[in-house]
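Beneath this line is the structure, given in structure tokens, with notes to follow.
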Amino acid sequence: MDPNVPGPKLAALTTLWQTYAVYQGDLSVRLHALHAKYAHDIGQIYGYKGKFIKGPFYRGWALFGTGHFSERNEEKHRIARNRIASIYSLNNILLLESQCDTCSSVLFQKLDELAEKSAITDVSGILAAYAYDCMARLGFGETLGFLSDEMKAKNAIYELSKAQRTMVILGTMTTINWFSSFRPIVKIVLKLLGRKGPALFLTYAQTYVQERMRLRTDDPFRYEQHKDLLNQFLEHGHTGNDLIRGNGITMGKELSIQEIIKNCIALFMAGADTTSATMIAFLRFVYAHPPSLVSLRKEIDDAVREGRITLPLSYSGSKTLPFYNACLKEAMRLNPVIGMPLQRVVPKGGFQIDGDFYPEGTCIGMVPQEVHTDPSIFGDDANTWNPNRWLSGNKNELERYNLTLKPGYGLGNILVYLIALLFKIIARETISTAEYIAPGEIRGTWLPRALPIRTGRRPTITWFPVPHRQINQLASTVQTEKINQTLRNVLEEKEAMVELRRSEHETHLQGLFVKKEVLASNEGPIKTRRECYGEIAHIHSGFDFSFHVILSPQDCKQVIDKGEGWGERHSCSGRLKGLPKEYLLIYAPRTQTELDVVTDIVRAGADFLSGQPACEV
């Protein structure tokens, strides 16, 4: 809080104006007005060299102990998310997709029965019950029975929503929320929330975990039959008493039982809540716009008749329905699942954004709704329903829409999308360089000269890992023609050891590779070379003209750390097959001088992977 920071006068004194707005239920309206008057592009604060830590808002979500969402210590958060990254990968989630088929059958049967009665029905309540039952099936292999017991579902979900509102209110009290470290106050708050709110879902989670652990000991065969997330959590866990009794996030490789329980609670309090909100928004918008409903029904009917899809709709089937996906994206755009600014704290020394200086300790954040309805991105109809915007023939414009939205907006199936969304939360920090200086790493630089300072700030990069692109500071048309020649120019210089062929990572693009005989050799960085299939670099031609390049660890550090940086790591680097930790995004060169530097970076990647001597060790 500082009187010199642009904003309402009351905000310079206290955050209680936010608390009151949440209590009144009109915070989004107030934030929209403030955004129109004072807005800055502050997307750079999320991941800016790890300096902007989470704000006090997150303390309000630590009533059951610190978890992934509420953990403000970056190192603990990194360790915790790394341990479960593979569990929340899209490929793994897709293996569990059929778990929801039983819930879908019950849902359709219930809707058919209601349709026969021609009764006025609260569809939102039914969809919410469906979402919670689906999450329970994915997590524990059985439902909560919400679809079959309407009153049970209504009471539990209502109490949970009240509890979530309470936690948001507590989180906004950043000027007085010292309560989070004072356990007697926490106990009072939990008592006020009662057993019907989050404590109910805590009970569910504890019961499931205890029963499954008992089953693992007493009946290993039946235990192995469970194909759900809980079994995977337990396989990542540790049975030692030190960790079973542990509270909070441990620093080892294994999950403590407390962490497993918190991950189970997150399935309900994050996964189910956001899933139901998105499904409800999707139906509300489609039914409120009859032309969209007619087009959607025709697309689905045609696809079923032609045998392209079956019902219930699968993730792979959903990808064949362009208008369905357009409606889904538009619903997510107009109804983002996150309504609060994701608060960050300005680090020591302060920070300047768009000409305004923000003092150390200032809490700042960005509201997704304002990004999604920005006229400079989506045009004059940014606030209106228009799924056809996603079907335009302008490839550059369409990809820009996709990149501006939240992670995973192109995934199609709502349920799969929202679980896959968690993968970004646990993804790696994109400008961390700690791994590149670890003992045992390859030493030396293959860059012919020290990198100069790249002018300006880092560009804004997509929130999600695939496709990995930048969405501003784009190269001019004249410059892109020169950029497209970069790989060929390097090929001509080093034709004895490199070649051009289809990229392994983005098959619609050309990639620069070491030759097969070099790939098979036992000289140079063998592990890295084989992990990336020998691919040195590719250019994202047709949109942002950024590069993906493999470099030596020391060169990776220089590219990321030099000034504001010439690039950053992929959020999945070192995590997914084919993406070693040396896999970097290099920002699109805007000038000839920058292109010369980027060309040197590509040359360095070619020399490193092909086993040439370093320029300097």
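Residue numbers (numbering that gives the first Met the number 0): 0 to 616.
A virtual CB, placed ideally from N, CA and C, is assigned to each residue, including glycine.
| Query | Result |
| --- | --- |
| Distance CB(Y435)-CB(K576) smaller than 8 Å | no |
| Start-end ranges of the beta strand (DSSP E) lying completely within the region 537-616, minimum 3 residues | 546-549, 566-568, 582-585 |
| Classification of H467 by the beta-carbon crowding that lies within 10 angstroms, buried from 16 upward | buried |
| Contiguous alpha helix (DSSP H) assignments of at least 4 residues, all confined to the region 483-527 | 485-492, 515-518 |
| Residue range of the beta strand (DSSP E) that includes F350 | 350-352 |
| Opposing strand residues paired with E534 [DSSP bridges] | F512 |
| Helix, strand or coil at T18 [DSSP, three-state] | helix |
| Neighbourhood of M620 by C-beta distance below 6 Å, restricted to the same chain and skipping five residues each side | The structure shown does not extend to residue 620, since the chain is modelled only from 0 through 616, so no value can be given for it. |
| Residue interval of the beta strand (DSSP E) (run including D121) | Premise fails: D121 is in no beta strand (DSSP E) and is neither H nor E. |
| Where F107 falls, given that 16 or more other Cβ within 10 Å makes a residue buried | exposed |
| Check whether P447 and D599 have beta carbons under 8 Å apart | yes |
| Where L623 sits in the DSSP three-state scheme | Here the chain has residues from 0 to 616 only, and residue 623 is not among them. |
| Simplified DSSP assignment, three categories, for Q108 | helix |
| Assumed close pair F281, A325 - CB separation to whole angstroms, cut-off 8 Å | About 11 Å separates the two Cβ atoms, so there is no contact after all. |
| Cα-Cα separation between Q86 and T277, rounded to whole angstroms | Before going further, note that residue 86 is Ile rather than Gln in the sequence given. Going by the C-alpha atoms only, they are around 23 Å apart. |
| Proximity below 8 Å, CB of F544 to CB of A495 | no |
| Straight-line gap, Q257 to T142 (C-alpha atoms, nearest Å) | 22 Å |
| N-terminal and C-terminal residue of the beta strand (DSSP E) that D355 is part of | 355-357 |
| Top-ranked residue by Cα proximity to Q553, from T274, T432, G541, E498 | T432 |
| Residues near R29 in its chain [Cβ-Cβ closer than 7 Å; skip 5 each side] | A20 |
| Beta-carbon gap between H371 and P321 smaller than 8 Å | no |
| Cβ-based burial, M150 [other Cβ within 10 Å; buried from 16] | exposed |
| I430 to R80 span [Cα, whole Å] | 16 Å |
| Continuous alpha helix (DSSP H) stretch holding N393: start and end | Careful: N393 lies outside any alpha helix (DSSP H) and carries neither H nor E. |
| Beta-bridge partners of L211, as assigned by DSSP | Note that residue 211 corresponds to Arg in the displayed sequence, not to Leu. Looking at the DSSP assignment, R211 forms no beta bridge with any residue, so it has no partner. |
| Expected contact under 8 Å - CB spacing of I259 and V293 to nearest Å | No, I259 and V293 are not in contact; Cβ-Cβ is about 47 Å, not under 8 Å. |
| CB of S315 within 8 Å of CB of Y323, strictly | no |
| Alpha-carbon to alpha-carbon, I441 and L511 | 22 Å |
| For L95 and V122, the rounded distance between their alpha carbons | 26 Å |
| Three-state secondary structure (DSSP) of T273 | helix |
| Cα-Cα separation between R283 and D217, rounded to whole angstroms | 48 Å |
| Span separating the alpha-carbon of A152 from that of M339 | 26 Å |
| K53 in three-state terms, based on DSSP | strand |
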